[in-house]
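Residue numbers (the numbering used here): 5 to 155.
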């Protein structure tokens, strides 16, 4: 069975190549997986945006609303490591939904990965360490709420 891979072109929020957070690593990863024959066409999935309700399982509602509106206070943006623009907000929503999708695919197929997952530095009230949302916490809490852990 091929590895189930979740990816979206908008995982790359278009930062300059000299930015300290290398957004270009996401398309480069997919290129490497394709060139090595590890990204089978039938095993690729693309997430939709994570609904606010999912994000609010792991994050304070006010913070989620700020990110979705791109109105994050500068102090928090500094802790995240970059300003929260429309592209960054979209990327954060997609990457979080990608981890939820990868978790569901792993339950179904035995293994799956999100090409942009692992944003574990974000805290309940704010992002930090280049992580806008904590996708792992959102996926875990979402699957538990759905009863997926009982399978």
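We put the beta carbon where it would ideally sit given N, CA and C, even for glycine.
- Message: I need the straight-line Cα distance from residue 39 to residue 33, nearest angstrom please.
- Response: 10 Å
- Query: Does DSSP put residue 98 in a helix, in a strand, or in coil?
  - Reply: helix
- Bridge partners of residue 144, per DSSP? Residue 144 pairs with nothing; no bridge assigned.
- Query: Whose C-alpha, out of 42, 109, 53, 115, is nearest the C-alpha of residue 14?
  - Reply: 53
- What residues in its chain sit with their C-beta under 6 Å from that of residue 135, if we drop five residues either side in the sequence? 123, 125, 126
- Task: Name, in chain order, the residues that DSSP records as bridge partners for residue 48.
- Result: 9
- Query: From what residue to what residue does the beta strand (DSSP E) around residue 116 run?
  - Reply: 116 to 118
- Message: Rounded to the nearest angstrom, what separates residue 68 and residue 107 at their Cα positions?
- Response: 22 Å
- Message: My assumption, with CB atoms under 8 Å, is that residue 6 sits in contact with residue 44. Please give the rounded CB distance.
- Response: 4 Å
- Does residue 126 come within less than 8 Å of chain C when only Cβ atoms are used? Annotation note: the requested chain C is absent from the structure, which comprises a single protein chain.
- Message: Let me make sure I understand the geometry here. Which of 114, 24, 86, 28 has the alpha-carbon closest to that of residue 12?
- Response: 28
- Coil, strand or helix - residue 107 by DSSP: helix
- Assign residue 132 to one of three DSSP states: helix, strand, or coil. strand
- Query: Quick one: Cα of residue 74 to Cα of residue 80, how far?
  - Reply: 12 Å
- Please state if the CB of residue 120 and the CB of residue 83 are separated by a distance shorter than 8 Å. no
- Task: Provide the residue span of the alpha helix (DSSP H) that contains residue 27, from first to last.
- Result: That residue, residue 27, is in no alpha helix (DSSP H); it is neither H nor E in DSSP.
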